[in-house]
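Report on the following structure.
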């Protein structure tokens, strides 16, 4: 994630590569050409116009987080609930804030606000500048799935500390990076992980990138829209 902040938008790993490590996750694609959702072992590309399509196995990514999803616990959502209440419910149930948790919320959303960064072209700007031109979409009365992670604070820069969520509708034709939502009803499932496998690129851009900026946390917060 810290490499994205420094404008490293071209990775070497393919969709086929990352699917060897899990069936659930999120990320982005080379040139920031779309948000990524991996759901039930299928990878989707969510573009700036709000549409979603199945990604090719040969598509490449500069950043992705994947896991094999197993349900450690579930929480039924039976009444209208906002993002803050959903994340608070998860925080009350998890064993520790020092572990990684994959989050899956499937249900009927009253409203949902997403964004997707526009495809970037070299010379690449820093991520905080790239997100200034993001396309935002508002969904109402939509059914779909939130896919994401709750990541420990000490992993900031490797990933996004705290909650990072993407959305894909039930038709698998629309979605984006989640800024906010209100859930009418649904099912929340959480999958914990205590192991982290990290694969780093070896490109010249990555090797020369500045990966430990003093204000990295602030930059990520601005870029993610949290």
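In this note's numbering, the protein residues as written are 1351 to 1576. For each residue, glycine too, the CB sits at the ideal point set by N, CA and C. Predicted model, so just to flag it, every value in this text is computed and none were measured.
A straight line joining the alpha-carbon of residue 1562 with that of residue 1352 spans about 7 Å. Distance from the Cα of residue 1521 is smallest, within the candidate group 1497, 1536 and 1401, for 1401. Looking at the DSSP output, residue 1489 shares a beta bridge with 1462. In the DSSP assignment, residue 1573 falls within the unbroken alpha helix (DSSP H) covering 1566-1574. Around the beta carbon of residue 1554, fewer than 16 other beta carbons sit within 10 angstroms, so the residue counts as exposed. By the CB criterion at 7 Å, residue 1387 and residue 1518 fall inside the cutoff.
Secondary structure remark: continuous beta strand (DSSP E) runs of at least 3 residues inside the segment 1388-1451, in chain order: 1392-1396, 1402-1404, 1414-1417 and 1423-1427. Nearest to residue 1488 by alpha-carbon distance, out of 1473, 1540, 1474 and 1464, is 1464. Judged by their CB atoms, residue 1470 and residue 1527 are not nearer to each other than the 7 Å cut-off. A distance of 7 Å or more separates the beta carbons of residue 1466 and residue 1413.
With contacts defined by Cβ atoms closer than 7 Å, residue 1560 and residue 1356 form a contacting pair. The Cβ atoms of residue 1384 and residue 1404 lie no closer than 7 Å to each other.
Closest option to residue 1364, judged by alpha-carbon separation, among 1423, 1549, 1472 and 1513: 1549. Straight across, the Cα-Cα distance linking residue 1441 with residue 1509 is about 19 Å.
When the five nearest sequence neighbours on each side are left out, the beta carbons in the same chain lying within less than 6 Å of the beta carbon of residue 1569 are those of 1355 and 1478, in order along the chain. Using a 10 angstroms sphere on the CB of residue 1360, the tally of other CB atoms reaches 16 or more, which defines it as buried. Counting of Cβ neighbours within 10 angstroms places residue 1454 among the buried residues, the total reaching 16 or more.
Under the three-state reduction of DSSP, residue 1541 is assigned to strand. At a Cβ-Cβ threshold of 7 Å, residue 1369 and residue 1497 do not count as neighbours. Distance between residue 1407 and residue 1457, taken at the CA atoms: about 28 Å.
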